[in-house]
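Chains as they are written, first to last, in the working numbering: chain A, 18 to 432; chain B, 26 to 564. Backbone N, C-alpha and C define an ideal beta-carbon position, used for all residues, glycine too. Treat the numbers as computed from the prediction; the structure is a model and nothing was measured.
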Amino acid sequence: MELFRDTHIDFLRVKWICIGISWALIVAGFISIAAHGGLRFGIDFSGGTQIVLKFANRPDPGKIESILKPLNLGLEGVQRYDTPEKNEVLIKVKQQAREGRDITQEVFSALSAAMGGPAAGGKIDVNVKGHDTFATSLAAVDPDNVNGRLGTAAAQHYASIGDAIVAYRSQIGLFRSAADIDRIPNVSPEAKNWLKQNSVIGPFTVLSADNVGPQVGRDLRTKALWAVLLSTGAMLVYIWFRFDVKFGVGAIVAIIHDTLITIGLLSLFNREITLVVVAALLTLVGYSMNDTVVVYDRIRENMKNNRRDPLPKIINDSINQTLSRTVMSSGLTFLVVVALFFLGGEVLNTFALTLVIGIIVGTYSSIYVAAPIVVIWNEIQGRRRPAAAVAKAPAPAAKGAGAPRAAGNRKSGKR
Amino acid sequence: MSHQKVWTRVALILVVLVASVAAYVANGVSRVKTDVTGETTPGVKDYLKNGIRLGLDLKGGIHLVLQVQTEDAFKIEADEAIAHLNEQNREQTLKLGAVTRTGPATFTAVVNADTDTDKLQDAVKRFLPAWQYSRQGTTWAFALSAPARKNIGEEAVQQAVETIRNRIDQFGVSEPVIAREGENRIVVQLPGVDDPRRVKDIIKSTAFLELKLVVAGPSSDRAALLAPTGGQVPPDAEIVEGNSTDQDPTSPKVFYLLQKVAAVTGRDIKNARPSQDQNNRPAVSFSLKAEGATKFDKVTGANIGKQLAIVLDNRIQSAPRIDGRISDSGIITGSFTPERANDLALILRSGALPAGLVYLEERTVGPSLGLDSIKKGVTAALLGALLVFVTMVVYYRRSGFNAVLALILNAIILLGVLAQFGATLTLPGIAGFILTIGMAVDSNVLIFERIREELREGKTPKTAIDNGFSKAFLTIVDTHVTTVVSALFLFQFGTGPVKGFAVTLIVGLAASMFTAVYVSKTIFMLEYGSRERIESVSI
Numbered sequence: 018m019e020l021f022r023d024t025h026i027d028f029l030r031v032k033w034i035c036i037g038i039s040w041a042l043i044v045a046g047f048i049s050i051a052a053h054g055g056l057r058f059g060i061d062f063s064g065g066t067q068i069v070l071k072f073a074n075r076p077d078p079g080k081i082e083s084i085l086k087p088l089n090l091g092l093e094g095v096q097r098y099d100t101p102e103k104n105e106v107l108i109k110v111k112q113q114a115r116e117g118r119d120i121t122q123e124v125f126s127a128l129s130a131a132m133g134g135p136a137a138g139g140k141i142d143v144n145v146k147g148h149d150t151f152a153t154s155l156a157a158v159d160p161d162n163v164n165g166r167l168g169t170a171a172a173q174h175y176a177s178i179g180d181a182i183v184a185y186r187s188q189i190g191l192f193r194s195a196a197d198i199d200r201i202p203n204v205s206p207e208a209k210n211w212l213k214q215n216s217v218i219g220p221f222t223v224l225s226a227d228n229v230g231p232q233v234g235r236d237l238r239t240k241a242l243w244a245v246l247l248s249t250g251a252m253l254v255y256i257w258f259r260f261d262v263k264f265g266v267g268a269i270v271a272i273i274h275d276t277l278i279t280i281g282l283l284s285l286f287n288r289e290i291t292l293v294v295v296a297a298l299l300t301l302v303g304y305s306m307n308d309t310v311v312v313y314d315r316i317r318e319n320m321k322n323n324r325r326d327p328l329p330k331i332i333n334d335s336i337n338q339t340l341s342r343t344v345m346s347s348g349l350t351f352l353v354v355v356a357l358f359f360l361g362g363e364v365l366n367t368f369a370l371t372l373v374i375g376i377i378v379g380t381y382s383s384i385y386v387a388a389p390i391v392v393i394w395n396e397i398q399g400r401r402r403p404a405a406a407v408a409k410a411p412a413p414a415a416k417g418a419g420a421p422r423a424a425g426n427r428k429s430g431k432r
Numbered sequence: 026m027s028h029q030k031v032w033t034r035v036a037l038i039l040v041v042l043v044a045s046v047a048a049y050v051a052n053g054v055s056r057v058k059t060d061v062t063g064e065t066t067p068g069v070k071d072y073l074k075n076g077i078r079l080g081l082d083l084k085g086g087i088h089l090v091l092q093v094q095t096e097d098a099f100k101i102e103a104d105e106a107i108a109h110l111n112e113q114n115r116e117q118t119l120k121l122g123a124v125t126r127t128g129p130a131t132f133t134a135v136v137n138a139d140t141d142t143d144k145l146q147d148a149v150k151r152f153l154p155a156w157q158y159s160r161q162g163t164t165w166a167f168a169l170s171a172p173a174r175k176n177i178g179e180e181a182v183q184q185a186v187e188t189i190r191n192r193i194d195q196f197g198v199s200e201p202v203i204a205r206e207g208e209n210r211i212v213v214q215l216p217g218v219d220d221p222r223r224v225k226d227i228i229k230s231t232a233f234l235e236l237k238l239v240v241a242g243p244s245s246d247r248a249a250l251l252a253p254t255g256g257q258v259p260p261d262a263e264i265v266e267g268n269s270t271d272q273d274p275t276s277p278k279v280f281y282l283l284q285k286v287a288a289v290t291g292r293d294i295k296n297a298r299p300s301q302d303q304n305n306r307p308a309v310s311f312s313l314k315a316e317g318a319t320k321f322d323k324v325t326g327a328n329i330g331k332q333l334a335i336v337l338d339n340r341i342q343s344a345p346r347i348d349g350r351i352s353d354s355g356i357i358t359g360s361f362t363p364e365r366a367n368d369l370a371l372i373l374r375s376g377a378l379p380a381g382l383v384y385l386e387e388r389t390v391g392p393s394l395g396l397d398s399i400k401k402g403v404t405a406a407l408l409g410a411l412l413v414f415v416t417m418v419v420y421y422r423r424s425g426f427n428a429v430l431a432l433i434l435n436a437i438i439l440l441g442v443l444a445q446f447g448a449t450l451t452l453p454g455i456a457g458f459i460l461t462i463g464m465a466v467d468s469n470v471l472i473f474e475r476i477r478e479e480l481r482e483g484k485t486p487k488t489a490i491d492n493g494f495s496k497a498f499l500t501i502v503d504t505h506v507t508t509v510v511s512a513l514f515l516f517q518f519g520t521g522p523v524k525g526f527a528v529t530l531i532v533g534l535a536a537s538m539f540t541a542v543y544v545s546k547t548i549f550m551l552e553y554g555s556r557e558r559i560e561s562v563s564i
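Spelled out as structure tokens, the structure:
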């Protein structure tokens, strides 16, 4: 099978239209960012708290909000997380002015108190506690009468019971009644009885809780920014060295172009910028760079082989020659990220979306942005250089517009 | 394409393949061994599953960044200095006025008319070398010198790391990370821990234990307590709070007057373990080191019939009567759950923290969320890979199948190398993985498109393959090196997740260079190399 065999599309003909579209997208992104009151930084960068809770019964975000409001946490919102049948809720709290306040604990206690969680009586919440708590609590009372108290044998015996309880819990989601405790496999009736008497069945469990202090958020932000800037700079220098300055400029413009548009679209979809999104942005930069370098490589090769051809023709030919490969590679990568987007689950969703956007934009930019920039840069260079020469030594009357362009071409054909 | 050369190539590829698989499996075996506590014997599946360490974002667990409050350590230093001066004062050698702490690392001493300033200077030089002072009239202001601050801060962080490590070790977490970061931060990563609250409490608990003689009390109000001493707290005593009933933390508050100097402290503890009191309630019994035991023996022997307060983090747990001489052990009773008694014993065993800790960053991923995201991610990635493979085979036919082999080898090498380095796979790592595979696919596509071009130009199949590889090679080097250069910078300057991305990418691209160019070519050589003339290429 073969697609795009021997195409002769004049990509450069539409370069100004494309540059117009790019600008429109970038500006639209900026407008969206402005309309949202700036980029939405996730707690990785802005600091704050984010808690995902799973409830035994369908939760009511409004009710949770009204329970948490009086705590003066700086509550930003309570919203459903993942699919409705999972009974999961995401709670967000703004960054605290000072380090050290334990927001997770405050939220937990308040909800627990309001919704019938365990009181301070020392009972174990079977929906919240981990295997270690079950193991040590059971080992201390030894309901199974395993030889002697707290011997290694007892510790091991109860450790496996702790694991069994937690494994059963993650299998059924949450414990809903004492009958659920009875159904835990591989646990003796005595241990189950002790557990039933000394535990409560809490209304929810914590799936994840992230709390980033203001100081750390700031650090992460500056460090991520520096890492990205320096690595982009390194790419520019490398391409400059390997090809020519105009290629370096084209590549960097393409990268910035891709990043800006992707960030703009993320803002449009109201997604948060987190460290994982930064990783995705880096991936798309790498991807776009790969695409761009492939096209450049062909341009360089064609410049060597067809010295007479003007640069625009060489570039057009090069893009056409690599078009099949570009579509194929992009299409394949696209398949993977689309699969991640639709099937990867909530955690991977924004990450995958960033890549989906990034691959489309990145492919477009290596054809319609990175290469035209080289042509445009070349034209500007070509116009400027002879002009400087004219100023230095009043040359014999200019021989028409063709001469300087040819001069520029010869220069760039050097490598 | 000589025949012998092909087999050398195949041998090298097999060596790399075997080494990668071996590295991965070996890592899996060693990790499963450390993980498994139960009686079930792990199978091949467990080893394969555990070949690579998964990050907390995937596996579930706790990630904490703590800041050591080094000022606490300064305070202790200042208090010791003040205590030293006061002692000299009591012995009438210095005759100082009031010595007061004015900040975490500063204090002032009032010099009276009869203070011998020469002697004071001498004492400071000899006993308080870390302190600098300036005179302002009759007041001398002392401040901890900068190098001393640095040393003490350094020590405090170091000791905090040690203490936390002790506590975590007793908790039995497999593969914990406890590392110092920057000047006064500590990063703690506990994979698989599913009870964040308890672990946090254990890590953060200062657990400063003191046993102090009761001077007076208990009394429900401060004034009544101080009535015998004329409403003043005696200089060698202090007021500490407790509850009227040991067993109930909600019982009314009471106050005790205690001797300021502790009979023994947590530092003297040799061992502690959970136990039960006479009424079968959870308690913690402890034993003392030789030196502490001698001290304790003396104090209890001299004070039979008096009460001894057990003070934990400046709160009275209980105040039992001393019935007889006790030398090397004791028991702490209070309102404990079995769990709390267990934890307290653990904390006492591990020693007190030199300074308070503040949580700067705290991330908990519940095991079910982690598990869920892995399952979905793996399914999606496998489906994506399958789509890629099918498309490659449909589009490039036999050559496409070669590329698929090369891609699988690429993934195996990447996993093997990551396992060998003990790297952790996180979500950004997966991003790096995707980019790597994307570029590896692209390398093959580049080669195949070149071969097709050559064929279109009418070259013989053999020349087309050779030219295709050699022409695409330069492009592949260019794309790979460009990306690696930027990844190196990300590795150098990035933190956590960005670094993880960079590592996967660098390793992956090195593997991709090898598989896309060397392995692919070898497969082509195997297929077409033996024949003198190739009629056609399946591409």
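Strictly under 7 Å for the Cβ-Cβ distance: is E206(B) near chain A by that measure? Here residue 206(B) is taken as the residue at index 181 of the second sequence, counted from 1. No, E206(B) does not count as interfacial toward chain A.
Segment limits, alpha helix (DSSP H) that includes A536(B): In the second sequence, residue 536(B) corresponds to position 511, counting from 1. A536(B) -> alpha helix (DSSP H) spans G521 to M538.
Beta-carbon contacts of I476(B) that lie in its chain and below 7 Å, excluding the five residues immediately before and after: Locating residue 476(B) in the second sequence gives position 451, where the first residue counts as 1. Counting only Cβ-Cβ distances below 7 Å, and skipping sequence neighbours, we find A489, I490, G493, V562 and I564.
Is the separation between the beta-carbon of T290(B) and that of E208(B) shorter than 7 Å? Numbered from 1 along the second sequence, position 265 holds the residue referred to as residue 290(B). Numbered from 1 along the second sequence, position 183 holds the residue referred to as residue 208(B). Not closer than 7 Å, so no.
Contacting positions in the stretch 191–206 of chain B - beta carbon closer than 8 Å to chain A: F196 and G197
Are V40(B) and M550(B) touching if we call contact CB-CB under 7 Å? Residue numbering aside, residue 40(B) sits at position 15 when the second sequence is read from its first letter. Residue numbering aside, residue 550(B) sits at position 525 when the second sequence is read from its first letter. No, these two residues do not count as a Cβ contact at 7 Å.
Under DSSP, the alpha helix (DSSP H) around K320(B) begins and ends at which residues? Looking up residue 320(B) in the second sequence gives position 295. From DSSP, the alpha helix (DSSP H) with K320(B) extends over A315 to A327.
Let's test the definition: count the other Cβ atoms within 10 Å of the Cβ of V415(B) and tell me whether it reaches 16, buried, or not, exposed. Here residue 415(B) is taken as the residue at index 390 of the second sequence, counted from 1. Per the 10 Å Cβ criterion, exposed.
Cα-Cα, which of S45(B), D368(B) and G376(B) is closest to R292(B)? Looking up residue 292(B) in the second sequence gives position 267. Nearest C-alpha to R292(B): G376(B).
Reducing DSSP to helix, strand and coil, say where A334(B) ends up. Within the second sequence, residue 334(B) is the residue found at index 309, counting from 1. A334(B): strand per DSSP, three-state reduction.
Buried or exposed by the 16-neighbour rule on C-beta atoms within 10 Å, applied to D227(A): Position 210 of the first sequence, counted from the start, is the residue given in the question as residue 227(A). That one is buried.
V302(A) to A366(B) span [Cα, whole Å]: Working through the first sequence from its first residue, we reach residue 302(A) at position 285. Working through the second sequence from its first residue, we reach residue 366(B) at position 341. Distance between the alpha carbons of V302(A) and A366(B): 54 Å.
What separation, rounded to the nearest whole angstrom, lies between the Cα atoms of A44(B) and F125(A)? Within the second sequence, the letter at position 19 stands for residue 44(B). Within the first sequence, the letter at position 108 stands for residue 125(A). Roughly 49 Å between the two C-alpha positions.
Which two residues bound the contiguous alpha helix (DSSP H) that contains G255(A)? As a position in the first sequence, residue 255(A) is number 238, starting the count at 1. Residue identity check: residue 255(A) is Tyr in the sequence provided, not Gly. Start and end: P231 to R259.
Close-in-space but distant-in-sequence residues of the same chain around Q445(B) (CB under 6 Å, 5 per side omitted): Along the second sequence, one-based indexing puts residue 445(B) at 420. Excluding sequence neighbours, Q445(B) sits near A48.
With a threshold of 8 Å on Cβ separation, who are the neighbours of G63(B) within its own chain once the five nearest residues in sequence on each side are excluded? Here residue 63(B) corresponds to residue number 38 of the second sequence, with the count starting at 1. No answer about G63(B) holds up, because its pLDDT of 49 lies below 50 and its placement is not dependable.
Could one say the Cβ of M18(A) lies closer than 7 Å to chain B's Cβ atoms, at least one of them? Reading the first sequence from its first residue, position 1 is the one you call residue 18(A). So, interface residue.
Using the C-alpha atoms, what's the distance from Y72(B) back to Y553(B)? What you label residue 553(B) is simply residue 528 of the second sequence in a count that begins at 1. What you label residue 72(B) is simply residue 47 of the second sequence in a count that begins at 1. Going by the C-alpha atoms only, they are around 38 Å apart.
Residues of its chain near K409(A), where Cβ-Cβ distance is below 6 Å and the 5 sequence neighbours each way are ignored: As a position in the first sequence, residue 409(A) is number 392, starting the count at 1. Residue confidence is low: K409(A) scores 47 on pLDDT, short of 50, so the model does not pin down where it sits. Its coordinate-derived value is still stated next. Excluding residues within five positions, none has a Cβ falling inside 6 Å.
Where do the N-terminal and C-terminal ends of the beta strand (DSSP E) with G37(A) fall, by residue? Start at 1 with the first residue of the first sequence, and residue 37(A) comes out as number 20. Per DSSP, G37(A) belongs to no beta strand (DSSP E); it is in the alpha helix (DSSP H), K32 to A52.
Inspect the CB distances between the stretch 210–223 of chain B and the stretch 70–89 of chain B and report whether three or more fall short of 8 Å. yes
Can you name the residues of chain A whose CB is closer than 7 Å to the CB of E364(B)? The sequence position of residue 364(B) within the second sequence is 339, counting from 1. Per Cβ cutoff of 7 Å: T150, T153 and S154.
Strictly below 7 Å CB to CB, what residues from chain B border L360(A)? Walking along the first sequence from the start, residue 360(A) turns up at place 343. Residues of chain B passing the Cβ test: K401, T404, A405 and L408.
So with CB distances below 8 Å, who are the chain A contacts of T416(B)? Looking up residue 416(B) in the second sequence gives position 391. Those within 8 Å of T416(B) in chain A are G348, L349 and L352.
Helix, strand or coil: which one does DSSP assign to K71(A)? By 1-based counting over the first sequence, the position of residue 71(A) is 54. Three-state DSSP puts K71(A) in a strand.
Please report how far the alpha carbon of I189(B) lies from the alpha carbon of G80(B), in whole angstroms. Here residue 189(B) refers to the residue found at position 164 of the second sequence. Here residue 80(B) refers to the residue found at position 55 of the second sequence. Rounded to the nearest angstrom, the two C-alpha atoms are 21 Å apart.
Does the beta carbon of N319(A) sit closer than 7 Å to a beta carbon anywhere in chain B? Locating residue 319(A) in the first sequence gives position 302, counting from the first residue. Taking Cβ atoms only, chain B never reaches closer than 7 Å to N319(A), which makes this a no.
Ends of the beta strand (DSSP E) at A377(B)? If you number the second sequence from 1, residue 377(B) lands on position 352. From DSSP, A377(B) is part of no beta strand (DSSP E); its letter is neither H nor E.
Suppose you measure from the CA of V198(B) to the CA of S382(A); what does that come to, to the nearest Å? Locating residue 198(B) in the second sequence gives position 173, counting from the first residue. Locating residue 382(A) in the first sequence gives position 365, counting from the first residue. Each residue's Cα considered, the two are about 48 Å apart.
Can you tell me the Cα-Cα spacing of T547(B) and V35(B), whole angstroms? What you label residue 547(B) is simply residue 522 of the second sequence in a count that begins at 1. What you label residue 35(B) is simply residue 10 of the second sequence in a count that begins at 1. Distance between the alpha carbons of T547(B) and V35(B): 7 Å.
F361(B) (DSSP reduced to helix, strand or coil): Residue numbering aside, residue 361(B) sits at position 336 when the second sequence is read from its first letter. F361(B): coil per DSSP, three-state reduction.
Taking 7 Å as the threshold (beta carbon to beta carbon), is R97(A) in contact with chain B? Looking up residue 97(A) in the first sequence gives position 80. Chain B, which has no Cβ nearer than 7 Å to the Cβ of R97(A), makes this no.
Can we say the stretch 255–264 of chain B touches the stretch 323–335 of chain B, given the rule of at least three CB pairs closer than 8 Å? no
What number of angstroms, rounded off, separates the C-alpha of T362(B) from the C-alpha of G381(B)? As a first step, residue 362(B) must be located in the second sequence, where it is residue number 337. As a first step, residue 381(B) must be located in the second sequence, where it is residue number 356. C-alpha separation (whole angstroms): 25 Å.
Cutting at 6 Å between CB atoms, please list the residues of its own chain near R346(B), excluding the five before and the five after it. Against the second sequence, residue 346(B) aligns to sequence position 321. Cβ within range, chain order: Q332.
What does R342(A) touch in chain B if you count any residue whose Cβ is under 7 Å from its own? The residue given as residue 342(A) occupies position 325 in the first sequence. By Cβ distance, chain B contributes V470, L471 and E474.
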